[in-house]
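Structure first, then comments.
Protein chains: 2
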Amino acid sequence: MTLILSNNDVDKLLSMPECIDVLEEAYVELAEGRGITRTRSDSIAPTQLPDAVYGLKSMDGVCPKLGVGAVRINSDIVRFPKRGNTVVREKVPAAPGNRWVGLVLLFSVDNGEPLAIMPDGVMQRMRVGGTNGLGIKYLARKNAEVVGILGSGWQAGSQLMAACAVRDIKQVRCFSPTRENREKFAAEMSGMLGIEVKAVDQPEDAMKGADIAMCASSSLDNIFFAPWVEAGMHITSIKRPEIEMAALRKADRIVIHNNDEKPIHVMTRDIELAETAKENGWNSVGELDFANLPTLPELIVGRAPGRASDREVTCFLNNIGLGYQFAAVGAAVIRKAKDGGFGHELPTDWFTEDVHP
Amino acid sequence: MTLILSNNDVDKLLSMPECIDVLEEAYVELAEGRGITRTRSDSIAPTQLPDAVYGLKSMDGVCPKLGVGAVRINSDIVRFPKRGNTVVREKVPAAPGNRWVGLVLLFSVDNGEPLAIMPDGVMQRMRVGGTNGLGIKYLARKNAEVVGILGSGWQAGSQLMAACAVRDIKQVRCFSPTRENREKFAAEMSGMLGIEVKAVDQPEDAMKGADIAMCASSSLDNIFFAPWVEAGMHITSIKRPEIEMAALRKADRIVIHNNDEKPIHVMTRDIELAETAKENGWNSVGELDFANLPTLPELIVGRAPGRASDREVTCFLNNIGLGYQFAAVGAAVIRKAKDGGFGHELPTDWFTEDVHP
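Protein sequences, first through last, are from chains R and S. Everything in the first sequence is counted per our numbering, starting at 280 for the first residue and increasing by one. Everything in the second sequence is counted per our numbering, starting at 280 for the first residue and increasing by one.
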């Protein structure tokens, strides 16, 4: 049977500690050349909605040790509106019922069969959180207990779950531009994590004295600035442009997720004219030579050095997502889903064939 | 509803003339920069079966005019056995029920929604046939009526269907190494096409006097040789190495499918050692500068010149498959499938989500 799982199923099947564990195991495989990941590609074309583009995004990964290959697909209507001072990248829920479209397909490395298909939302959030969690595990001070976070959305939640999974966090201070959002988020996360999560009115108030400074926004502009950097701080980001270059320069040690410089972009001719500037902005690498920065997998296997003292400023940039993460986290989900009771079981024959493709 | 179609459904929904028509329309869009295709990627890793590798292959394409984006995925167990004098690339049907695994996912460019999921077999065969059919339409002599074909498999069938769709073919002569296969194929195709299809005992017997020489094998070695080239012949191939370089040199005009030189290969460390030679062999371009040969879309819009005289030797190399073909042919299938009665209708909500991915 091929399993069709829902986000709700994935949510039940995957805890943050499990997500971090399986990612850690998989990154060792990646560092040793036994796991593989195919750079994300974005195919971008015009769509009916004004000021929007259609993006068909895909990324693949295979982890032989875990026995799983994954393809993650997004079929997005994307806009780039201004929110306050910053440009954000916004996916429009344009599918029937005002829904988004993202899928993960999991395959067996041993016989090729399609194991499961599911929406990507919960898994995508967990793997971003889990990856930044590993950044904290390997780079933040062991005694880190205060988190400042910029952002109060879907990603911010899993960032906090991850921080709490790898450090004994006592307090979180959260800033995001809209008061209502940050207060709602603080109340919810406080309940979920069982620690104090406080909404604050200025980003500086979130960052001052933070042991771990987390950026978890949808911004395409800088949101974390150099004056906020303090000795011993670990700074962590889910997207390249969040941290301004001057702040990165103050870091003693920067580790990135992967050396892929940017997604492969293929665009129709007209889109190339209209969107290149924004896309370039979004992928701007400034003065950093991303191709030569140490990566999280290298850090995990000890090939790249970690924090050398409690005074060091460390930084983890989750610079690009990997299809490989979905193979890893997908393997963990599948393992438990097989115990039964989850999702819809469809005949595998629907997704296989008796003719040589 | 998201449609789950079978190969049988696709077979009923798509005739070769329709396939050729929609591909022709889509190639115009591609030539004009309004359609886009993302180079195929092969992620290759070890698997349990001895002497085999696991390959997770994907390719994407978007045709805004037809309103469809496509991702085609193959999850293959691949072997490279010797068959007679040649090395072939063989996909092992290792999935439950001895089946292969290839999928096409179709999405709406207008709202992103998942329109359909189906096995890739029939569509993949039709688009290869249709593409080579367009090569014949734009390059072969108008009065071509004799086809010689090397190969008697799944692909050979759609090659003949395509030739008959664009030229008034009177006779086909077929050679493949195993007598039983070629005789069975000849009988079947003769019935299907309503013309004489004759199995012959030597490749030379198939090629001598042929107006159109078709290669449709699974060989990774040369199978078509220079002495067989005749004035006025159109030579057509579904895979790079089929035609030997000396034969290509005799062509007055060579057109390829696409300028992508080869798939993007990502491999685990051990596979890189074991398989690179074979993979390189398979993608060998010899002395031809593939990046600068004219392409089928350019030929169709008149940017590349076609046949100049009845004496010219022309050649079409279907050098690489494109995700874009699946967007085009998929659009034609979807259009008719919507009329109802085909496949399984699943709730679109299973493949969409209410959280921002």
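Built from N, CA and C at the ideal position, the CB exists for glycine as well. All of these numbers come straight from a predicted model, not from anything done at the bench.
query: Using CA coordinates, which residue listed in R/V508, R/R406, R/P393, R/A510 is at the minimum distance from R/V602?
result: According to the sequence as given, residue 602 of chain R is Gly; it is not Val. Ranking the options by Cα distance to R/G602, first place goes to R/R406.
- prompt: Quick one: what does DSSP say R/N353 is sitting in, helix, strand or coil?
  reply: strand
Selected residue, minimal CA-CA separation from S/R420, among S/S285, S/M512, S/Q438, S/F621: S/M512
message: Tell me which residues share the same chain as R/E462 and place their Cβ nearer than 6 Å to its Cβ, disregarding the 5 neighbours each side in the sequence.
response: A478
- request: Could you spell out the range, first to last residue, of the beta strand (DSSP E) harbouring R/M546?
  value: 543-546
field: Cβ pair S/A331, S/G427 closer than 7 Å
entry: no
field: Segments assigned beta strand (DSSP E), at least 3 residues, entirely inside the segment 302-359 of chain R
entry: 315-325, 331-342, 347-358
field: Interface residues of chain S facing R/M546 [CB-CB closer than 7 Å]
entry: I315
- prompt: Hey, S/V301 and S/A611: beta-carbon distance below 7 Å or not?
  reply: yes
Neighbourhood of R/H623 by C-beta distance below 6 Å, restricted to the same chain and skipping five residues each side: I283
- request: Round the Cβ separation of S/C453 and S/A485 to the nearest angstrom and send it over; I've been treating them as touching at under 8 Å.
  value: 6 Å
- request: Would you mind sorting R/G312 into buried or exposed? The rule is 16 or more other CB atoms within 10 Å of its CB.
  value: exposed
- request: Starting from the beta carbon of R/P325, find every residue of chain S whose beta carbon is closer than 7 Å, and list them in chain order.
  value: P343
Distance CB(R/S496)-CB(R/G430) smaller than 7 Å: yes
query: What are the start and end residues of each continuous beta strand (DSSP E) run of 3 or more residues lying completely inside the segment 440-520 of chain S, in chain order?
result: 450-454, 475-478, 491-494, 513-516
message: Quick check: the Cα distance between S/A310 and R/I550, rounded to an integer number of angstroms?
response: 15 Å
- request: Could you tell me whether the Cβ atoms of R/I533 and R/C594 are closer together than 7 Å?
  value: yes
message: If you measure between the beta carbons of R/D355 and R/G376, is that distance less than 7 Å?
response: no
- prompt: According to the Cβ coordinates, are R/E577 and R/A583 closer than 7 Å?
  reply: yes
message: Using beta carbons (cut-off 7 Å, strictly below), is S/T631 in contact with chain R?
response: yes
query: In terms of residues, what are the limits of the beta strand (DSSP E) holding S/V425?
result: 425-429
- request: Could you say if the segment 311-328 of chain S and the segment 377-397 of chain S meet the contact criterion of at least three C-beta pairs nearer than 8 Å?
  value: no
task: Identify which residue in R/A395, R/N501, R/I613, R/N390 has its Cα closest to the Cα of R/P482.
output: R/N501
Rounded separation between S/A441 and R/E392 - CA only: 31 Å
- prompt: Between the beta-carbon of R/S498 and the beta-carbon of R/V367, is there less than 7 Å?
  reply: yes
query: How close, in whole Å, do the beta carbons of R/I352 and S/L394 come, if the pair is a contact with beta carbons under 8 Å?
result: So it is not a contact: roughly 13 Å between Cβ atoms.
query: Can you tell me where the beta strand (DSSP E) with R/R395 in it begins and where it stops?
result: It should be pointed out that residue 395 of chain R corresponds to Ala in this sequence rather than to Arg. First-last of the beta strand (DSSP E) with R/A395: 393-398.
message: Check this for me: beta carbons of R/R586 and R/A510, under 7 Å apart or not?
response: no
message: I'd like the span of the beta strand (DSSP E) that includes S/K370, first residue to last.
response: 369-371
message: Per DSSP, what are the beta-bridge partners of S/K291 in this structure?
response: DSSP lists no partner for S/K291.
- request: Give me the Cα-Cα distance between S/E459 and R/L625, rounded to the nearest whole angstrom.
  value: 38 Å
field: Cβ separation of R/R358 and R/V371, assumed to be a contact under 8 Å, to the nearest whole Å
entry: 6 Å
field: Contact with chain S by R/Y603, beta-carbon distance below 7 Å
entry: no
message: List, in chain order, every chain R residue whose beta-carbon is nearer than 7 Å to that of S/I638.
response: In the structure as shown, chain S begins at 280 and stops at 636. Residue 638 of chain S is therefore absent and cannot be evaluated.
task: Would you list the one or two residues that DSSP bridges to R/S277?
output: For chain R, the structure presents residues 280 to 636; residue 277 of chain R sits outside this window and is missing.
query: Between R/A435 and R/R362, what straight-line distance do the alpha-carbon atoms span, to the nearest angstrom?
result: 18 Å
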